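Everything on this sheet refers to the single structure shown next.
2 protein chains.
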Amino acid sequence: MPVNLTPPVAAQLLPVAGVSLGVAEANIKRPNRKDLLVMQLCEGARVAGVFTRNHFCAAPVIVAREHLAQPDGIRALLVNTGNANAGTGEQGLRDARTTCAALAGLLGCKAAQILPFSTGVIMEILPVARIAAGLPGAVANMRADNWFDAAQAIMTTDIVAKAISRQVLIDGVLITITGIAKGSGMIHPNMATMLGYIATDAAIAQPQLQAMVSEAANRSFNCITVDGDTSTNDALMLIATGKSALPEVKAADSKAYKALLAAISEVATWLAQAIVRDGEGATKFITVRVEGGKDEAECKQIGYAIARSPLVKTAFFASDPNLGRILAAIGYAGIDDLDVAALELYLDEVLVAEHGGRAASYREEDGQRVMQQSDITIRVVLNRGTAHARLWTCDFSYDYVKINASYRS
Amino acid sequence: MPVNLTPPVAAQLLPVAGVSLGVAEANIKRPNRKDLLVMQLCEGARVAGVFTRNHFCAAPVIVAREHLAQPDGIRALLVNTGNANAGTGEQGLRDARTTCAALAGLLGCKAAQILPFSTGVIMEILPVARIAAGLPGAVANMRADNWFDAAQAIMTTDIVAKAISRQVLIDGVLITITGIAKGSGMIHPNMATMLGYIATDAAIAQPQLQAMVSEAANRSFNCITVDGDTSTNDALMLIATGKSALPEVKAADSKAYKALLAAISEVATWLAQAIVRDGEGATKFITVRVEGGKDEAECKQIGYAIARSPLVKTAFFASDPNLGRILAAIGYAGIDDLDVAALELYLDEVLVAEHGGRAASYREEDGQRVMQQSDITIRVVLNRGTAHARLWTCDFSYDYVKINASYRS
Chain G
1 MPVNLTPPVA
11 AQLLPVAGVS
21 LGVAEANIKR
31 PNRKDLLVMQ
41 LCEGARVAGV
51 FTRNHFCAAP
61 VIVAREHLAQ
71 PDGIRALLVN
81 TGNANAGTGE
91 QGLRDARTTC
101 AALAGLLGCK
111 AAQILPFSTG
121 VIMEILPVAR
131 IAAGLPGAVA
141 NMRADNWFDA
151 AQAIMTTDIV
161 AKAISRQVLI
171 DGVLITITGI
181 AKGSGMIHPN
191 MATMLGYIAT
201 DAAIAQPQLQ
211 AMVSEAANRS
221 FNCITVDGDT
231 STNDALMLIA
241 TGKSALPEVK
251 AADSKAYKAL
261 LAAISEVATW
271 LAQAIVRDGE
281 GATKFITVRV
291 EGGKDEAECK
301 QIGYAIARSP
311 LVKTAFFASD
321 PNLGRILAAI
331 GYAGIDDLDV
341 AALELYLDEV
351 LVAEHGGRAA
361 SYREEDGQRV
371 MQQSDITIRV
381 VLNRGTAHAR
391 LWTCDFSYDY
401 VKINASYRS
Chain X
410 MPVNLTPPVA
420 AQLLPVAGVS
430 LGVAEANIKR
440 PNRKDLLVMQ
450 LCEGARVAGV
460 FTRNHFCAAP
470 VIVAREHLAQ
480 PDGIRALLVN
490 TGNANAGTGE
500 QGLRDARTTC
510 AALAGLLGCK
520 AAQILPFSTG
530 VIMEILPVAR
540 IAAGLPGAVA
550 NMRADNWFDA
560 AQAIMTTDIV
570 AKAISRQVLI
580 DGVLITITGI
590 AKGSGMIHPN
600 MATMLGYIAT
610 DAAIAQPQLQ
620 AMVSEAANRS
630 FNCITVDGDT
640 STNDALMLIA
650 TGKSALPEVK
660 AADSKAYKAL
670 LAAISEVATW
680 LAQAIVRDGE
690 GATKFITVRV
700 EGGKDEAECK
710 QIGYAIARSP
720 LVKTAFFASD
730 PNLGRILAAI
740 GYAGIDDLDV
750 AALELYLDEV
760 LVAEHGGRAA
770 SYREEDGQRV
780 MQQSDITIRV
790 VLNRGTAHAR
800 LWTCDFSYDY
810 VKINASYRS
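Which chain is which? The protein sequence lines are G and X, in order.
If you're matching positions, the first sequence starts at 1 in my numbering and goes up one per residue.
If you're matching positions, the second sequence starts at 410 in my numbering and goes up one per residue.
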């Protein structure tokens, strides 16, 4: 079960002026399941995004990048679950374009004004006819207050839908931000089997919008790992409709830009953490903080060595303070001049190791007590600089194996 | 259960002149278990080794490196299981030296002529008194034909003891090579929770012996991964007693050197594969071959991305040809200029993917048939060069989680 993650409440998800959402059951992988989402944007809305760095990136990722680069504004996003349209070669590209054209026909815009997204099984042909048949229903279903259903429609192995709204007052104008995301397995930066959509009614110039989504992703989705697998289909899209009264945000050093970035990063971080809390088979939510490093890169490198280690993750699943496994992971993280005698390891506030070994003050029962918790922080203090990094992961359980050994069945 | 790995037969393990082995039950972690091994070497025997590259390397690794560097010959190896003496700081170093001194007293040599090795739980203090109390029994037990018991005495989570002998005729002289190894989890190159000891009665000059053990490790133990965790305690030691009639091997380009390297590499490869076949929870033995790369490094990089992926490994556990996960792993392996449309993916002889997607000839039942096997080869042909690499791994099962969630209990 997800770790300290409660389902969203529909009434708490705020509409974003300029965005309408419609969902449908298109029978893409199995019947009786919302598996198709259309997000229609008002004229003038701007969209920017970051995508997976996997070289085997999916056809919709390639097509969405193309469409973002063309001069006409984006008018809709089309998301299907149940099939990733990845590892599908030339036919995958044709299929992604066909679904865009089908939606464009219904909405009265160009196919290039549609961004396609797919998530699900890799290397199977996209059932284009079923998607096309589902689109009129999704379009008929479009409403501004439909974020709850939208969050549900993009779920795959997610147990809990992930959605959140925030409002922030900027220069006297109340700005609304609502975001949804999906993802549970194949989660590792740059990025994850992860789709995220965040919309705001602020107006943001295109270069600043792109900078903002990149920075928000770095603070959030690029700080999580479930299983170390980087997916073929990840995308985080930031939509700015410009429907609020706030003047267009243009300068990255403006107060409005910083306030918006902070609020959007907060939404992105909540969604990213929700993905880890709902990580496949997760029973523990683990924050890994690495401090006192020479630079952020080495802090992240050590953090990911810990967060990816199956031995560390299974020990957390067992609530077993077999914490030497964390030392081993630090030791093989690949920092050539690391002085292991200089670092400290903490579990929450409990000092576990220093001077290259177990701390004199450490008592097994203290470690045991922290390991029983569902939210735990591993803190490594390197004592060789001022840089730090923080990331989030979950434990590794029987259910992870169960879910992934039976994903297609 | 181990994958196509049968226990060694004691009578097939050949003594190596100049090596005596004795084991004892020292109650290091639990009673009624062989957990202590002494290997005494004849005067004039040479020893060379390779060790873990983990910065949190264990105290015995540090002490063994020191002792190998001193001028007096090594006269014995001392191995305990049940406690890794890693993450134990200064006390760990003192403890390792104390056990060497205790054995040296019994054998009438210097403490620096003993190499210590430990494997087991990390970050717990070595029970020196119990080891010292067990040593006289191990020394009294010493025999040349004791390799079978020695292989059992170094097991931790291993299900099957790993030992093999080979004989090779070089310049008319029959040379014997016998090796033992242990390891099952925390297995990843450079190196593994892995201890390996290979002895031969050939005489080999020290520089050539060091070159030979490094090369043999690169061909074998550095080509395996179970869980991607590099251990704190790994060591592979090569012993050359010089008791055979073969003249000392001095030149790395000599016929004798090459013949010995081939035979020793064969023994090392058998042992390394045995570790994977007995990998924690393993139900499948998987060979990953990456061919047609620009250089060996990129082939290994792609191979390890596949071999480490929990999603690939759980799919193999389930015998589910969800082979898009292999494409995803290739895509995130970090080869910047990789053309995914140019590569081919095979499962044994079955062409699965080409032109960036599923091969036209691929039928699910063919993939399903190969996935049912217990020995499977994943072959990736990059079509961009002539380099290749091969490595071995296993699948990821419920039992891996079970074993590692309860390792200390």
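Glycine is no exception: its CB is placed at the ideal position from the N, C-alpha and C atoms.
Here the structure is a predicted model, which is why all the values come from computation and not from measurement.
CA-to-CA, the gap between G:LYS29 and X:THR802 works out to about 32 Å. Contact between G:VAL79 and G:PHE51 fails: their C-beta atoms lie close to 14 Å from each other, not under 8 Å.
Short of 6 Å from the beta carbon of G:LYS300, and not among the five residues preceding or following it, lie these beta carbons of its own chain, in chain order: ALA389. Non-local beta-carbon contacts of G:GLU344 in its own chain, meaning distances under 6 Å to residues more than five positions away in sequence, involve GLU354 and VAL381 in chain order.
Going by C-alpha positions, G:PRO2 is about 16 Å away from G:ASN404. DSSP, read as helix, strand or coil, puts X:GLY482 in coil. Taking CB atoms only, X:PHE526 has no neighbour in chain G less than 8 Å away.
In this structure, G:GLY49 sits near G:ALA235, with a CB-CB distance shorter than 8 Å. Here DSSP, grouped into helix, strand and coil, assigns G:ASN222 to helix. Straight-line spacing of the CA atoms in G:MET155 and G:ASP253 works out to 36 Å.
Residue-level contact check: X:GLY496 touches chain G, since one or more beta carbons of chain G fall below 8 Å from its beta carbon. Around G:GLU66, the same chain offers ALA112 as residues with beta carbons nearer than 8 Å, after the five sequence neighbours per side are excluded. Measuring C-alpha to C-alpha distances from G:ASN141 to each of G:LEU37, G:VAL128, G:GLY183 and G:TYR197 identifies G:LEU37 as the nearest.
Restricting attention to alpha helix (DSSP H) runs no shorter than 4 residues, the stretch 353 to 408 of chain G encloses them at 364 to 371 and 398 to 405, ordered along the chain.
G:MET237 sits in a strand when the DSSP states are folded into three classes. Using a Cβ-Cβ cut-off of 8 Å, X:MET532 counts as an interface residue toward chain G, since at least one Cβ of chain G sits closer than that to its own. Under the DSSP assignment, X:THR609 falls in the beta strand (DSSP E) whose first and last residues are 604 to 609. Within its own chain, the residues whose Cβ lies closer than 7 Å to the Cβ of G:ILE122, once the five positions on either side in sequence are excluded, are ALA84, ALA86, GLY87 and THR232, listed in chain order. Note that the stretch 158 to 172 of chain G touches the stretch 265 to 280 of chain G; at least 3 beta-carbon pairs, one per stretch, sit closer than 8 Å.
Check the Cα spacing between X:LEU486 and each of X:HIS464, X:LEU760, X:ALA513 and X:ALA612: the tightest is with X:ALA513.
Measuring C-alpha to C-alpha distances from G:ALA216 to each of G:LEU126, G:ALA259, G:GLU248 and G:VAL63 identifies G:ALA259 as the nearest. Cβ contact annotation for G:ASN4 (same chain, cutoff 8 Å, sequence separation greater than five): ARG277, PHE285, SER374 and ASP375, in chain order. In the displayed model, X:VAL530 falls within a strand according to three-state DSSP. Closest in C-alpha terms to G:GLN167, from the list G:SER244, G:ASN27, G:VAL9 and G:GLN368, comes G:SER244. With a threshold of 8 Å between beta carbons, G:CYS57 makes contact with chain X. The beta carbon of G:ASP320 falls within 8 Å of a beta carbon belonging to chain X, placing the residue at that interface.
Counting only runs that start and end inside the stretch 534 to 601 of chain X, the beta strand (DSSP E) elements of at least 3 residues fall at 571 to 579 and 582 to 591. Three or more beta-carbon pairs separated by less than 8 Å link the stretch 541 to 548 of chain X to the stretch 427 to 437 of chain X, which places the two stretches in contact.
Contact of G:HIS67 with chain X is not assigned, every C-beta pair being separated by 8 Å or more.
At a C-beta separation below 9 Å, G:PHE317 has these neighbours in chain X: VAL810, ASN813 and ALA814. No Cβ of chain G is located within less than 8 Å of the beta carbon of X:LEU544.
Ranking X:GLY588, X:THR528, X:LEU670 and X:CYS632 by CA distance to the CA of X:VAL699 puts X:CYS632 first. Pairing G:LEU391 with G:THR283 gives a Cβ-Cβ distance that is not under 8 Å.
With its beta carbon less than 8 Å from one in chain G, X:GLN500 belongs to the interface. Taking 8 Å as the cut-off, the beta carbon of X:GLY776 is found closer than this to the beta carbon of X:PRO730. In the structure shown, the three-state DSSP call for G:GLU298 is helix.
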